[in-house]
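**Q** Just passing along the structure, written as structure tokens.
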Amino acid sequence: MSALLPLISEILPMIMPASANITRAKQLEPTHPTVEGPVIERKAVVGKCDKMCVSVLTARPHQNSTVRHNSEQDAIFYAVSGNGILAVSESVDSDPKNHELSPGDFAFVPAWTEHQIKNETDEDVIFLVIQSGPTPIRADLTDWGGDMVKSRD
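According to the UniProt record's numbering, the stretch in the sequence shown is residues 1 to 153, in order.
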């Protein structure tokens, strides 16, 4: 049996080929930063595997995202720069709770959980958003507990 282990490590890459995919920071820079909206989402690693994807979310100074949920996808937020607020409604009957996030902080937002990114500072706030699907799904809402305005995937 132990004689098979070296063979498996040689055969496995042939059966399941792997290739790295690199997204450069320059590819994520805004094309026209003065005309883009208050919260900008850039697809960093999307459609490369069936289990996860990553976007970069930038909230401009004194701007908020729409209230939203990520449909059936769980999400992890990682604060890259700036100090922002992740508002989360943990149930239909409760008011949203504000969670202050600073660079290096992580937050987990379960599927279907309403949330909003807030930037109350004078500088951009940047998050990495890792979602549990090949492409990010987002449903924008009219307000907390409100109707869906549009779905983005």
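Glycine residues also receive a C-beta, built at the ideal position from the N, C-alpha and C atoms.
Per DSSP, what kind of secondary structure is Glu123 in: helix, strand or coil?
**A** The answer is coil: DSSP assigns Glu123 none of H, G, I, E or B.
**Q** Mapping the DSSP letters down to three states, classify Glu10 as helix, strand or coil.
**A** In the structure shown, Glu10 sits in a helix (DSSP, three-state: H, G or I).
**Q** Taking buried to mean at least 16 other C-beta atoms within 10 Å of its own C-beta, is Phe106 buried or exposed?
**A** By the neighbour-count rule (16 or more Cβ atoms within 10 Å), Phe106 is not buried but exposed.
**Q** Using DSSP with H/G/I as helix, E/B as strand and the rest coil, what is Lys48?
**A** In the structure shown, Lys48 sits in coil (DSSP, three-state: anything other than H, G, I, E or B).
**Q** Report yes if the CB atom of Glu100 is closer than 8 angstroms to the CB atom of Ile85, and no otherwise.
**A** Taking 8 angstroms as the Cβ cut-off, Glu100 and Ile85 qualify as a contacting pair.
**Q** For Gly145, which residues in the same chain have their Cβ closer than 8 angstroms to its Cβ, ignoring the five residues on either side in sequence?
**A** Excluding positions up to five away in sequence, the list reads Ser89, Val92 and Glu114.
**Q** Is it buried or exposed for Cys53, if we count other Cβ within 10 angstroms and need 16 for buried?
**A** Buried: at least 16 other Cβ atoms inside 10 Å.
**Q** Asp140 lies in the beta strand (DSSP E); which residues open and close that run?
**A** Arg138 to Leu141 is the span of the beta strand (DSSP E), which, as asked, contains Asp140.
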